[in-house]
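There are 2 protein chains.
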Amino acid sequence: MDVFEALYTTRAMRRVSEDPIPDDVLKQMVDAGIRAPSGSNRQGWKFIVVTDPEIKNQLGDSYREAWDFYVKEFYGGTSDMGASNVLDDEKAQQVVRISKSAAWLSENFHKVPAMFVVLSRNDPTGSSIYPAIWSIMLAGRAHGVGTCLTTVLGMFKPEKAFEILSIPNDKGWKIDAVITAGYPLGKWGVAKRNPVDEVTYLNTWGNETNWNLKEPLWNY
Amino acid sequence: MDVFEALYTTRAMRRVSEDPIPDDVLKQMVDAGIRAPSGSNRQGWKFIVVTDPEIKNQLGDSYREAWDFYVKEFYGGTSDMGASNVLDDEKAQQVVRISKSAAWLSENFHKVPAMFVVLSRNDPTGSSIYPAIWSIMLAGRAHGVGTCLTTVLGMFKPEKAFEILSIPNDKGWKIDAVITAGYPLGKWGVAKRNPVDEVTYLNTWGNETNWNLKEPLWNY
Numbered sequence: 654m655d656v657f658e659a660l661y662t663t664r665a666m667r668r669v670s671e672d673p674i675p676d677d678v679l680k681q682m683v684d685a686g687i688r689a690p691s692g693s694n695r696q697g698w699k700f701i702v703v704t705d706p707e708i709k710n711q712l713g714d715s716y717r718e719a720w721d722f723y724v725k726e727f728y729g730g731t732s733d734m735g736a737s738n739v740l741d742d743e744k745a746q747q748v749v750r751i752s753k754s755a756a757w758l759s760e761n762f763h764k765v766p767a768m769f770v771v772l773s774r775n776d777p778t779g780s781s782i783y784p785a786i787w788s789i790m791l792a793g794r795a796h797g798v799g800t801c802l803t804t805v806l807g808m809f810k811p812e813k814a815f816e817i818l819s820i821p822n823d824k825g826w827k828i829d830a831v832i833t834a835g836y837p838l839g840k841w842g843v844a845k846r847n848p849v850d851e852v853t854y855l856n857t858w859g860n861e862t863n864w865n866l867k868e869p870l871w872n873y
Numbered sequence: 654m655d656v657f658e659a660l661y662t663t664r665a666m667r668r669v670s671e672d673p674i675p676d677d678v679l680k681q682m683v684d685a686g687i688r689a690p691s692g693s694n695r696q697g698w699k700f701i702v703v704t705d706p707e708i709k710n711q712l713g714d715s716y717r718e719a720w721d722f723y724v725k726e727f728y729g730g731t732s733d734m735g736a737s738n739v740l741d742d743e744k745a746q747q748v749v750r751i752s753k754s755a756a757w758l759s760e761n762f763h764k765v766p767a768m769f770v771v772l773s774r775n776d777p778t779g780s781s782i783y784p785a786i787w788s789i790m791l792a793g794r795a796h797g798v799g800t801c802l803t804t805v806l807g808m809f810k811p812e813k814a815f816e817i818l819s820i821p822n823d824k825g826w827k828i829d830a831v832i833t834a835g836y837p838l839g840k841w842g843v844a845k846r847n848p849v850d851e852v853t854y855l856n857t858w859g860n861e862t863n864w865n866l867k868e869p870l871w872n873y
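So the protein lines, in turn, are chains A and U. Sequential numbering of the first sequence, starting at 654, is according to the working numbering. Sequential numbering of the second sequence, starting at 654, is according to the working numbering.
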């Protein structure tokens, strides 16, 4: 697969089938991940690949608890993640779509065929772990595997996940993300984004690019 | 370019020539970057593409100051970034290589043809900005452009960079990274990493994969 196809069409794929992912694919996803850069090449990372149904069940319970806590804490428990507060209709629609898809993942977390629990230490900025995480997702895309990056399990009540996965809690490790992975039920496509012109300046803040870039530079 | 070639061979390329990068390439690097996922698709990012020699000179001074502060603070000012404290010979050699290359970048920062100053807000974990940053670097690789991710400018004494780039300091923006970019003086290749077997577990911490993966699953 061309690198630009991967970069432009790897979007959050929360709804996936229960079909298992072959070991060779899981292996290459991690192997591509560890080629990513990390500060001073320290590689302060660990990956736990979870496919065991019992562990997935337990993680699913833990994830739902963290997700419910997150939704309650940040959106007052409304199921639309605050979409009713968004004025712009198109954006509100998108938030509704995301919140439905995220709720689907929360309910079906244990059925996702594989998860990559990603841990790091001594990485205060995230700069040494998220390139590896994104590489795992891009490598998955090349194999037709849909992924979704979620941080809630590590951010809210991670103690249970540590217990379930037998992670030592005295070595400085933290769970940065869980990447869920499976063959998508939906379709691949280029995600809609605010165009480059709106988020890019030349040389100094506020200095418009005049690149006039409203459409993606790559087509699916 | 195949996605795996990009994932396996995009390594920190600090030493680059002064040849300018065409606008079309800079554009596509940002355009690929903004396709990356961000939490709830919030896209809380800004990119300042710096090619102006005067701004680069000023940033170079600021970078050198931050870099010297970093080396002094973390390595007691030793030029080898603590390599003399590393017992394993091979690793010590690598740290020496990295420190030399990093010192080169510090001295030549202002001569690098283009820089992407990447800003975010409301992203405590880095999960919503480093995928975009890594995508910019991968897209550069596809165009033969070498990049290096550096966080020191944002971490140490960022006030000066804010001033140079006229970034408002009351809107919650922070500089996550500067990506330096240019045509490499060195060669592309697969970076050496601790193998998958050493950093991956199956289902629970400590449970070896037995994947016996000592060599990269992709060859250059």
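Where a beta carbon is used, it is the ideal one built from N, C-alpha and C, also for glycine.
Since residue i and residue j should fall inside the 8 Å C-beta cutoff, what is the C-beta to C-beta distance between them, to a whole number of angstroms?
| i | j | result |
| --- | --- | --- |
| ASP684 (chain A) | PRO869 (chain U) | 6 Å |
| LYS813 (chain A) | VAL849 (chain U) | Not quite, the Cβ-Cβ distance comes to about 27 Å (not below 8 Å), so this is no contact. |
| TYR661 (chain A) | TRP871 (chain A) | 5 Å |
| PRO766 (chain A) | TRP858 (chain U) | Rounded, the Cβ-Cβ distance is 21 Å, inconsistent with contact. |
| ALA719 (chain A) | VAL656 (chain A) | Wrong, their Cβ atoms sit about 34 Å apart, outside the cutoff. |
Please go through the same chain and pick out, in chain order, the residues whose beta-carbon is closer than 7 Å to the beta-carbon of residue i, but skip the five residues on each side of it.
| i | result |
| --- | --- |
| MET790 (chain A) | THR663, THR800, LEU802 and ILE832 |
| SER780 (chain U) | GLY692 |
| GLY797 (chain A) | TYR836 |
| GLY688 (chain A) | Looking at the sequence provided, one finds Arg at residue 688 (chain A) rather than Gly. Result list for ARG688 (chain A): SER788, in chain order. |
| ILE782 (chain A) | TRP698, VAL771, SER773, ASP776 and ASP829 |
| VAL690 (chain U) | Looking at the sequence provided, one finds Pro at residue 690 (chain U) rather than Val. Closer than 7 Å at Cβ, skipping near neighbours: PRO784. |
Work out the CA separation of residue j and residue i for me, nearest whole Å.
| i | j | result |
| --- | --- | --- |
| LEU712 (chain A) | ASP705 (chain A) | 11 Å |
| MET808 (chain A) | LYS867 (chain U) | 33 Å |
| MET682 (chain U) | GLY793 (chain U) | 6 Å |
| ASP742 (chain A) | LYS744 (chain U) | 55 Å |
| GLY842 (chain A) | GLU760 (chain U) | 43 Å |
| MET768 (chain A) | ARG846 (chain A) | 27 Å |
| GLY697 (chain U) | SER754 (chain A) | 21 Å |
| ASP823 (chain A) | PRO777 (chain U) | 23 Å |
| LEU758 (chain U) | LYS709 (chain U) | 13 Å |
| TYR716 (chain U) | ALA756 (chain A) | 44 Å |
| GLY686 (chain U) | ASP714 (chain U) | 27 Å |
| VAL770 (chain U) | ASP677 (chain A) | 38 Å |
| ARG668 (chain A) | GLY839 (chain A) | 7 Å |
| SER752 (chain A) | MET666 (chain U) | 39 Å |
| ASN863 (chain A) | ASN694 (chain A) | 37 Å |
| ASN860 (chain U) | GLU707 (chain A) | 15 Å |
| PHE762 (chain A) | ASP721 (chain U) | 47 Å |
| ILE786 (chain A) | TYR873 (chain A) | 24 Å |
Using a Cβ-Cβ cutoff of less than 8 Å, which residues in the same chain neighbour residue i once the five nearest sequence positions on both sides are dropped?
| i | result |
| --- | --- |
| LYS879 (chain A) | No answer is possible for residue 879 (chain A): it lies beyond the span of chain A, which begins at 654 and ends at 873. |
| ALA795 (chain A) | MET654 and ALA659 |
| ILE747 (chain A) | It is Gln, not Ile, that sits at residue 747 (chain A) in the sequence shown. Excluding sequence neighbours, GLN747 (chain A) sits near LYS845. |
| ASN865 (chain U) | ASP850 |
Sort out for me which residues DSSP pairs residue i with in a bridge.
| i | result |
| --- | --- |
| ILE828 (chain U) | U:LEU772 |
| VAL669 (chain U) | U:PRO837 |
| LYS764 (chain U) | For LYS764 (chain U), which the question treats as bridged, DSSP gives no partner whatsoever. |
| ASP655 (chain A) | U:ASP655 |
| TRP698 (chain U) | U:SER773 |
| VAL703 (chain U) | U:MET768 |
| GLU861 (chain U) | U:TYR854 |
| LEU802 (chain U) | U:ILE832 |
Return the chain-ordered list of same chain residues with a C-beta closer than 6 Å to the C-beta of residue i, the five sequence neighbours on each side being excluded.
| i | result |
| --- | --- |
| LYS612 (chain U) | As displayed, chain U neither begins before 654 nor continues past 873, which places residue 612 (chain U) out of reach and without an answer. |
| GLY825 (chain A) | ARG774 |
What residues from chain B crowd round residue i, counting only those whose CB sits closer than 7 Å?
| i | result |
| --- | --- |
| LEU712 (chain U) | Looking at the structure shown, chain B is missing, and the protein chains on hand are A and U. |
(request) Assess, as a yes-or-no matter, whether the segment 664–675 of chain A is touched by the segment 828–846 of chain U under the definition of 3 or more beta carbon pairs within less than 8 Å. (result) no
(request) Inspect the CB distances between the segment 848–864 of chain A and the segment 695–703 of chain U and report whether three or more fall short of 8 Å. (result) yes
(message) Whether or not the segment 722–730 of chain U and the segment 812–827 of chain U are in contact is what I'm after, with contact meaning three or more pairs of Cβ atoms, one per stretch, closer than 8 Å; do they touch?
(response) no
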